[in-house]
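Everything on this sheet refers to the single structure shown next.
Numbering (this note's numbering), first residue to last: 2 to 323.
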């Protein structure tokens, strides 16, 4: 591989979803495979059906990092135990290759958690699996041209959110996020906005005490430690007035508080970046879209943004090591 170029690897995602179409379109309609040493962690036969459906030429053999899986019949839009296992193997091999420094970063295409678990593999998500495999503490960060955002809690039921929020968790996560912004995004003194949990920031305890008991004390301690954090902001007014544009990072308390406005404003170019890890991993901020698989209408923008962000972060880390 050329040392002057970054080495990036794409997982194939669930091959019965839109991932193969996205990869084929990116190869034929962008310069990303020329700009980077970009490889696909998959076997060539997995794309054959999509070349026919989409009427694109084959991607040459040299752009694949083979899995060595025996060919089987599958259908676009119809996930199976076999396609789920392909997606899991592609992910696991890509992680291994990044750990051993063959690649500078990985971009994961969408998988079906249900299908993977139904195939007999325990899988709660890319983020959680990476943390377990690497024995590190991952944190979800969502990036777009408009704003960057993150969460104190992640994939948990609403009824468990309040009890999962602690002063210590807020402090630890924001300290980690502050470090990530400096290292991976080259922001010298990050400005961080902290959102409330309750409507109207709890209205002095009328609508909940989490702000008084946990969030504000955490924010004050963070300020005293030198971190540039502001709040606590009620999320409706914060997003309604586009206050996020004044900060390098917006931190919310729970999944839908952040992901609803993020996907509304940034669906086409939104990227999920797993911060806090020794390897770089990004992914497009959308799912498998089985309902449109093979129809030629899948958009590539989010995956293109994910590839570019992975390259940017990998390059920032590389330059920091020099």
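Virtual Cβ for every residue (Gly too), placed ideally from N, Cα, C.
From a predicted model like this one, the values you see are computed outputs, not experimental measurements.
Proximal residues to residue i (C-beta, below 8 Å), its chain only, five neighbours per side dropped
i	result
residue 30	301
residue 203	197, 209, 210, 211, 212, 213
residue 62	45
Span of the alpha helix (DSSP H), counted from its first residue to its last, around residue i
i	result
residue 241	236-241
residue 29	20-30
residue 171	168-185
residue 100	82-100
Close-in-space but distant-in-sequence residues of the same chain around residue i (CB under 6 Å, 5 per side omitted)
i	result
residue 59	52
residue 79	17
residue 266	147
residue 306	270, 272
residue 54	295
Own chain residues within Cβ distance below 7 Å of residue i, not counting five before or after
i	result
residue 315	7, 105, 106, 281
residue 241	none
residue 190	229
Residue i burial status per 10 Å Cβ neighbour count (16 or more: buried)
i	result
residue 160	exposed
residue 169	exposed
residue 5	exposed
residue 49	exposed
residue 84	buried
residue 298	exposed
residue 95	buried
Where residue i falls: helix, strand or coil (DSSP)
i	result
residue 362	Here the chain covers residues 2 to 323 and nothing more, so residue 362 does not appear.
residue 125	coil
residue 208	coil
residue 38	strand
residue 141	strand
residue 9	strand
residue 277	coil
residue 228	coil
Inter-residue spacing [alpha-carbon to alpha-carbon] between residue i and residue j
i	j	result
residue 289	residue 74	19 Å
residue 165	residue 44	42 Å
residue 12	residue 172	34 Å
residue 322	residue 206	48 Å
residue 252	residue 93	30 Å
residue 87	residue 233	44 Å
residue 195	residue 138	21 Å
Where the beta strand (DSSP E) containing residue i begins and where it ends
i	result
residue 324	Summary: the structure shown does not reach residue 324, with the chain confined to residues 2 through 323, and so no result is reported for it.
residue 285	282-285
Residue i Cβ short of 8 Å to the ligand ZN heavy atom set
i	result
residue 165	Annotation note on the ligand ZN: not contained in the displayed structure, which lists no ligands.
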